[in-house]
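A short worksheet on the structure shown next.
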Amino acid sequence: MMRWLTLFFFLISASVSAHKDPPVNDELVNAINLSNTDGFCSANQAFNNLEASASPNGTPTNWNGTVGRDVWFKFTALKFDVAITASGSVNAASPNTLINPLVSLYTTDPVTGNFGEVPNNMLSSNNVTSINKGGLIIGQVYYIRVSAANNNTGSFQLCVNNYFQPLQPGQDCGTVSILCGMEKFTQLNVSGSGTSNREAAGTCLTVESNSAWYMWTAGKSGAFTFLITPTVTTNDIDWVLYDLGPGGTCAQATATNAIRCAAGSGVQCPAGETPYYITGLSMTETDLNEAPGCGAGQNGLVKYVDMIAGHNYALLVDNFSSNLNGFSLEFGGDTEFVGPKSEIKLERNNACTAQQTYTFSSLSTNYATLKWTFGEGANITNATGEGPYTVTYATQGEKTVVLEAIGAKGCNVVSTQTFFVALKPAKPTISASSLKLCYDDILKLTTPTVNLATYHWTGPNGFTSTDQNPEIKITGPENSGNYTLYTMVGDCQSDVTTLNIPLIDTRPEAFFDIITNNLCLSNQNFVFVNKSINYTSLTWDFEDGIVTTDANGDKRVVYTTTGIKTIT
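Take 506 as the starting number for the sequence shown in my numbering and just add one per residue.
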């Protein structure tokens, strides 16, 4: 018995280029969505503008005529202020490589519908660039544009903090800003030392340059930390923390009650000493104070504090380097500040219908006044009571309601409730590329686009997909059966549509054996024994052979000429 197997290789020539693909967010339409902007920071090297192209969206005001190789990000504002920082090659040890990053902010004007830049101030230092902007519209989408001067390209870290700005702190303790929540925030435009620049006398901070005072009451006992990061990384930040005791006031803000102090400088130290610009309290440090200037072992961080419930605390932050710059303040630990509590109760009425409404009530406590913001498209823009308020929305989409609870001392806390306004989608339709399918065919399922929808497919052989128009490679009868689809817009689900794909036959496979009789004799003949499976009919080709069919269906072939024969 002899078998011949012939393989045909189709060679496809393709040119290969060393050119790399641009980033996925090279264009505005493909901006990367940042779903969490509550003190968000990406990993180092998480993003880059390698191979990016210049976008046709004009030149940002603070970019000195440069567009460069820009990339885009977006976020939905849940709070009124945002701080955005792009960090490139900060120092020789930095894994990020971008030089002179540039940052700007864009949105669509809700009145005119025009897309454009949001006015902002950009600060840059040591390849760290930041912008800060207040007055954001809750629920509106904002776009972050990142590039670099001189067409520079490289990797960078992106940090975005969407926050509620506390009251502007005073330069003296007597005009202190009261904090009642541990949310991270950014303080801008810190300038001057007030009526006295010696309030910290007797501590490690001998004189104030550009000061800001904060005060709070510990709501429960526990470990407490914080980090202060200047908006310009070459600025030298110093600080003093006071324990004022139960009911304590600025009269107790004395050197005797200063429990932690850091006045070192990590931004202008001699070679050989490790530079730093972040300062604060740490769970891993053991020292309680750091003296002015540079010094071996100083890193800007001192030991955490065990706060005592009911005690008042005051924090003096001073920018020694320059005025009009600011800093971010981030708290940590397992304690909390005393203050009002803000909580929203939401009831959804006639959900997913044209008659749907939303009822909001306040469950807040320990407040003096309330302020509601009901979000884009609401028939009621603002309110100041406990409610309930029944609200309708003129547009579909994600909405965010904000409730600000303001305490008797002026501090505020804010809660938000985000939800999706939608109507029940119409029952979807399904189209198939074909209902007659064979092995290795591609079944293409399509459905019309539904605005703001997600798509949910199921089918035979464990098939699931969230693509609008999925494709399935046919492997056999296991792909036959019912394919179902429903769409969702927010929490509103359509009815289910079903499409049946008829039975797909098992793949036919052609095999045969050859039996040689009377080898090399004049009456030599060959019997071809069919071994094929999953077929309904056969077609043989024996070239010039004389064919007879045996009783069992085997083909007996006699050749009158010699040579190689091809059987199919």
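A virtual CB, placed ideally from N, CA and C, is assigned to each residue, including glycine.
Bear in mind the structure is a predicted one, so any value in this text is a computation, not a measurement.
Query	Result
8 angstroms Cβ cutoff met for CYS799 and GLY769	yes
Per-residue DSSP class, three states only, for GLY882	coil
Per-residue DSSP class, three states only, for ASN797	According to the sequence displayed, residue 797 carries Pro and not Asn. DSSP places PRO797 in strand when its eight states are reduced to three.
Check whether LEU689 and GLY544 have beta carbons under 8 angstroms apart	Checking the sequence, you will find Lys at residue 689 rather than Leu. Cβ distance < 8 angstroms, so LYS689 and GLY544 count as in contact.
Per-residue burial, PHE836 [other beta carbons within 10 Å of its own, 16 or more giving buried]	buried
Rounded distance between the beta-carbons of ILE1009 and TYR988, thought under 8 angstroms	That pair is no contact at about 13 angstroms.
Whole-Å CB distance - SER726 paired with ALA859, under 8 angstroms assumed	Not really, about 53 angstroms apart at Cβ, beyond 8 angstroms.
LEU583 versus THR784 - alpha carbon distance	28 angstroms
Residues near THR951 by beta carbon distance below 7 angstroms, same chain, minus five either side	SER936 and ASN974
Cross-strand partners of LEU607 (DSSP beta bridge)	SER652
Test item: CB-CB of MET687 and PHE842 under 8 angstroms	yes
Alpha carbon of THR658 to alpha carbon of ALA705, nearest angstrom	45 angstroms
Close-in-space but distant-in-sequence residues of the same chain around LYS932 (CB under 7 angstroms, 5 per side omitted)	SER999, ASP1000 and THR1002
Rounded C-alpha distance that separates ASN804 from VAL651	31 angstroms
Beta bridge counterpart(s) of ASP743 as assigned by DSSP	ASP823
Beta bridge counterpart(s) of ASP748 as assigned by DSSP	TYR818
Spatial distance of ASP531 from VAL576 (CA atoms)	5 angstroms
Among PRO953, THR969 and ARG1012, nearest to GLY981 - alpha-carbon criterion	ARG1012
Entirely enclosed beta strand (DSSP E) segments - the region 514–584, minimum 3 residues	576–581
Beta-carbon proximity list for THR971, same chain, < 8 angstroms, skipping 5 on both sides	THR959, TYR960, HIS961 and TRP962
Sub-8 angstroms separation of ILE733 and PHE832 beta-carbons	yes
Cβ-based burial, ARG765 [other Cβ within 10 Å; buried from 16]	buried
Integer Cβ distance of ALA758 from CYS678, believed to fall under 8 angstroms	5 angstroms
Boundaries (first-last residue) of the beta strand (DSSP E) holding ILE1019	1017–1022
Buried or exposed (CB count within 10 angstroms, at least 16 for buried), ARG703	exposed
Straight-line Cα distance separating GLY1050 from THR1065	7 angstroms
Neighbour-count burial assignment, TYR1040, 16 or more Cβ in a 10 Å radius	exposed
Uninterrupted beta strand (DSSP E) stretches inside the region 623–698 (no shorter than 3 residues)	626–630, 633–638, 646–653, 660–668 and 690–692
Beta-carbon proximity of THR905 to GLY644, cut-off 8 angstroms	yes
Three-state secondary structure assigned by DSSP to CYS857	coil
Buried versus exposed call for LEU1026 [16 or more other C-beta atoms within 10 Å across all chains shown]	exposed
Nearest to ALA463 (by Cα), restricted to the options ASN824, THR870 and GLY986	It is not possible to answer for residue 463, since the shown part of the chain is limited to 506 through 1073.
Proximity of ALA723 and TYR809 at Cβ, strictly below 8 angstroms	no
Cβ contact (3+ pairs, closer than 8 angstroms) linking the region 883–903 and the region 848–867	yes
Proximal residues to GLU903 (C-beta, below 6 angstroms), its chain only, five neighbours per side dropped	PHE925
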